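*Asks:* Counting in my numbering, the sequence shown runs from 46 upward without gaps. Before I ask anything, let me first share the structure, which is written out below as structure tokens.
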Amino acid sequence: METMDMPDITQYRVHKIVQDVDFEGTPVPGLRGAFYRRPAGDRTESVGVYSYADDELFMAWGYVGEEHCRAAAARRPDGAWEPARRGCPDVRVLRTGDEVTGLAVGLADGGVRCCGRTARP
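What follows is the structure in structure tokens.
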């Protein structure tokens with residue numbers, strides 16, 4: 046899979062911060078999204094940095110108005126960022142019955158990083 050450079054969010058301005066971010070219409074309690082923007086010619090670049098309990102999990106970026114992410118990168122449990130990859134991150138909402146209990150983020154090595162009250166995907 047093609048890799049690309051991660052954005053330097055110090056070059057962006059905070060657009061908004063959202064608590065309990067939703068994925069595909071499902072709010073995830075405790076998941077925080079910090080969204081950044083900057084002008085890029087006649088378009089606007091956007092970066093979302095997602096964290097749980099102040100632990101950054103992944104970031105995704107592209108242009109405002111696009112339906113899907115251009116690229117994304119996950120943060121490994123050791124704190125290092127994986128190489129950026131094209132497309133949206135591999136993210137899955139975790140549930141216990143009907144209750145949303147966490148989030149699972151797929152890693153490049155095939156592993157999964159979970160957050161929330163769920164210990165496994």
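From the three backbone atoms N, C-alpha and C, an ideal C-beta is built for every residue, glycine too. Computed from a prediction, not measured in an experiment: that's the story for all the values here.
Quick one: using the 10 Å Cβ neighbour count with 16 as the cut-off for buried, is G107 buried or exposed?
*Replies:* Under this definition G107 is a buried residue.
*Asks:* What does DSSP give as the partner residue(s) for A116 in the beta ladder?
*Replies:* Answer by DSSP bridge pairing, in chain order: W106, R131.
*Asks:* Are the CB atoms of Y95 and G147 nearer to each other than 9 Å?
*Replies:* No, Cβ-Cβ distance for Y95 and G147 is not below 9 Å.
*Asks:* Just how far apart, CA to CA, sit P33 and A119?
*Replies:* A query on residue 33 cannot be resolved here, the shown segment of the chain reaching from 46 to 166 and no further.
*Asks:* What's the C-alpha gap between R140 and D53?
*Replies:* For R140 and D53, the distance between alpha carbons rounds to 33 Å.
*Asks:* What residue from W126, R77, V157 has the CA that sits closest to F68's CA?
*Replies:* The shortest C-alpha separation from F68 is found at R77.
*Asks:* Compute the Euclidean distance between the alpha carbons of M51 and R115, then round it to the nearest angstrom.
*Replies:* For M51 and R115, the distance between alpha carbons rounds to 11 Å.
*Asks:* What are the boundary residues of the beta strand (DSSP E) that includes P122?
*Replies:* Per DSSP, P122 belongs to no beta strand (DSSP E) and is neither H nor E.
*Asks:* Return the residue from the list V73, V63, Q56 that minimises the CA-CA distance to V136.
*Replies:* Per the Cα distances, V73.
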